[in-house]
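In terms of numbering that gives the first Met the number 0, the sequence shown is residues 0 to 591.
Glycine included, every Cβ here is placed at the ideal spot set by N, Cα and C.
As the structure is a computational prediction, the values presented were derived from the model and not from experiment.
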Amino acid sequence: MYRTHHCGELRIEQVGQTVTLSGWVQKSRDKGFMMWTDLRDRYGITQLIFSEEKSDAALFELARSLGREFVIQVSGKVIERTSKNPNIPTGDIEIEVSELKVLNPAKLPPFTIEEDTDGGDDLRMKYRYLDLRRGSVQNNIIFRSQLSLEVRKYLSGEGFIEVETPNLIKSTPEGARDFIVPSRMNPGQFYALPQSPQTFKQILMISGLDKYFQIVKCFRDEDLRADRQPEFTQIDCEMSFVTQEDILNTFEGLTKHVFKTLKGIGLPDFPRMYYDDALRLYGSDKPDLRFGMQFTELNDLAKDKGFIVFDSAELVVGIVAEGQAEYTRKQIDQLTDWVKRPQIGARGLVYVKYNQDGSFKSSVGKFFDDEALKAWAEKMGAKPGDLMLILAGETDKTRKQLNELRLEMGRRMGLMKEGDFKPLWVLDFPLLEWDEEAERFHAMHHPFTSPKKEDIPRMLNGDFQTMKSLRADAYDLVINGAEIGGGSIRIHDRELQAKNFTLLGFTDEEAENQFGFLMGAFEYGAPPHGGIAFGFDRLCAVMNGQSSIRDFIAFPKNNQGRDMMIDAPAAVDKEQLDELKLDLQHIEEEIE
Ligand code: ASP
């Protein structure tokens, strides 16, 4: 028997018992005649004590030779500690070791395996098995497991059934590049890995499965960021005979359930916001509602007063930073530099300080007297002591820039509080997005999304401008400024689906080749249906107040899409390539 207890288990009540523990040596303190060693496993840390006086000489010698991360087994008596450690649950006791066995020695690890590590990202990923021994990372992985369990419990309780869909499929456009897999049995042909199970889950509705879910891997070949991975996990769902309202209610219920069971937080009903309003008030389709600072548009007060920057702008828009009128010249300059960085791209920043004495100090004082600035303050809801920050320019760009500035001010002012969760639904996204460069429409969500019922006649008969204004029955769940989920009511009729493909630039033949199976299925009794998918990794991160999804994935890839531990991607044998009948010469040239 390797152990009678684990390393997080023993308390003062067990004093006097003889126990056996196994685990890793976290660290030792050697006082010459006495030695204390922290023994660690997934459950916690237990202190071991060895003494020259009480321990057997050989045992004491062996104990002193233990290195960090050695795997050992010990037996001994639980005794009360003389100096207790209130910071850990086992801090009242220690084990007076009478038997010690080294189960496996260990090389010195390349970084410290403690809550805070000195290991850089790449090193941690290369030795991910060591990184995963750290309590903080382990807790994330354990949280993930609990979250998937709660999701399954809730959805099964609501009558959903989990169905697995294939990984070797044909491209499903979700707006990213596909990973492709050559087929040996069909030389020259390729599978695509699913960007999502979208078409399959719709087919399952046509099959009458009624309520489907799956916690499923999806693959998208995109440029990577902290919150993106080439393979990631979705909680993917689809329902038949539902309206948008039914889907929002079901998944609001799921979200409340996981917050309640895993965080002990009762979320109030989620507010809803139209996409257009989200852009107008926050400059973003995923506003962080942990703080206010809504935009105020100032065109009517600011334009045509002789200030060329405003006069030539499509939009003049500002926010109020409450109580920040004390900002110094230096802080304002720094903020101005911040918005002018290429990542933000503003041409400048206009500020108006509303001083406590009711006077104003502004960078545009030459053009606007105190009376004019007072009118701004009134419109923006600013009080004495507040700082107004204003940007101007082309509408979409300026909104995006002010969104960044709002978030930055939120950070600087400490308004994004830990443990505060502000979910909302964003509704009625546009159906199509015009791509100026490519001169074509893209589906804002994906090509299977239905326009709003009242927009269908306009879609079937309208002109180019009409197409730009079509709204979709599409919705996103946003929490604290992160997009957690998105979905839509689907098209379930062949004619409308074909029309959508045409708008998206598919010829009839291309549409038939790629999606003939789905349009064909629509002709055999497709029920009205809709669904949603949550980003599972992101939900894990957001629920734990973190922005990077990487630490919630056991084996993530780095920014170059590499797995540093197994060193993938990698070259393959010539025989493998031969079997696949790929254009070898071309690939060999590429490799060289
Ligand atoms: N397939 C969609 C996505 O991956 C989700 C959905 O529409 O249900 O974003």
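Same chain only: Cβ atoms within 7 Å of residue i, ignoring 5 sequence neighbours per side
i: I168; result: Y190, A191 and P193
i: E163; result: Q213
i: L9; result: V18, T45, V77, T89 and I92
i: K262; result: M542
i: R41; result: Q137
i: E393; result: E313
i: L372; result: V351, F359 and S361
i: L581; result: P181
i: D220; result: A175, R176, D177, F178 and P229
i: I483; result: L476, V477, F533, G534, R537, L538 and V541
Under the three-state DSSP convention, the category residue i falls into
i: M204; result: helix
i: R63; result: helix
i: N103; result: strand
i: R340; result: coil
i: G31; result: coil
i: L20; result: strand
i: Y1; result: coil
i: Q25; result: strand
i: D475; result: strand
i: I94; result: strand
i: H445; result: coil
i: A376; result: helix
i: C539; result: helix
i: L581; result: coil
i: S144; result: helix
i: N453; result: In the sequence under discussion, the amino acid at residue 453 is Glu, which differs from the Asn named in the question. Three-state DSSP puts E453 in a helix.
i: L9; result: coil
i: K262; result: helix
i: V136; result: helix
i: K498; result: helix
i: H491; result: coil
i: Q513; result: helix
i: A525; result: coil
i: F212; result: strand
Beta-bridge pairing of residue i - partner residues as DSSP gives them
i: F218; result: E230
i: P429; result: R470
i: Y190; result: V180
i: G43; result: D40
i: R439; result: D434
i: P422; result: I478
i: I71; result: G22 and V101
i: G485; result: D475 and A532
Cβ shell of residue i (< 8 Å), same chain only, five flanking positions each side left out
i: W424; result: L247, E251, F269, P270, R271, M272, Y474, D475, L476 and V477
i: V136; result: D130 and D550
i: R561; result: A567 and P568
i: I179; result: F189, Y190, A191 and L192
Exposure label - residue i; buried when at least 16 CB within 10 Å
i: Q188; result: exposed
i: M184; result: exposed
i: T327; result: exposed
i: I78; result: exposed
i: W375; result: buried
i: F463; result: exposed
i: N479; result: buried
i: Y81; result: According to the sequence displayed, residue 81 carries Thr and not Tyr. Exposed, by the Cβ-count rule.
i: N402; result: buried
i: I606; result: No answer is possible for residue 606: it lies beyond the span of the chain, which begins at 0 and ends at 591.
i: P422; result: buried
i: P446; result: buried
i: F294; result: buried
i: P286; result: buried
i: I160; result: exposed
i: I307; result: exposed
i: W433; result: exposed
i: S487; result: buried
Cβ-based neighbour list, residue i, same chain, cut-off 6 Å, excluding 5 preceding and 5 following
i: A525; result: I205 and H491
i: P104; result: F69
i: R132; result: I112
i: Q16; result: V77
i: G207; result: none
i: A497; result: none
i: Q355; result: P383 and G384
i: L266; result: K255 and F258
Check: residue i C-beta below 7 Å from any heavy atom of ligand 3
i: A277; result: Looking for ligand 3 in the displayed structure turns up nothing; the ligands present are ligand 1.
Minimum Cβ-Cβ distance from residue i to chain B less than 8 Å
i: D536; result: Looking for chain B here will not work: only one protein chain is present.
Uninterrupted alpha helix (DSSP H) stretches inside the segment 293 to 341 (no shorter than 4 residues): Runs of the alpha helix (DSSP H) spanning 4 or more residues and lying entirely within the segment 293 to 341 occur at 298 to 301, 307 to 310 and 328 to 339, in chain order.
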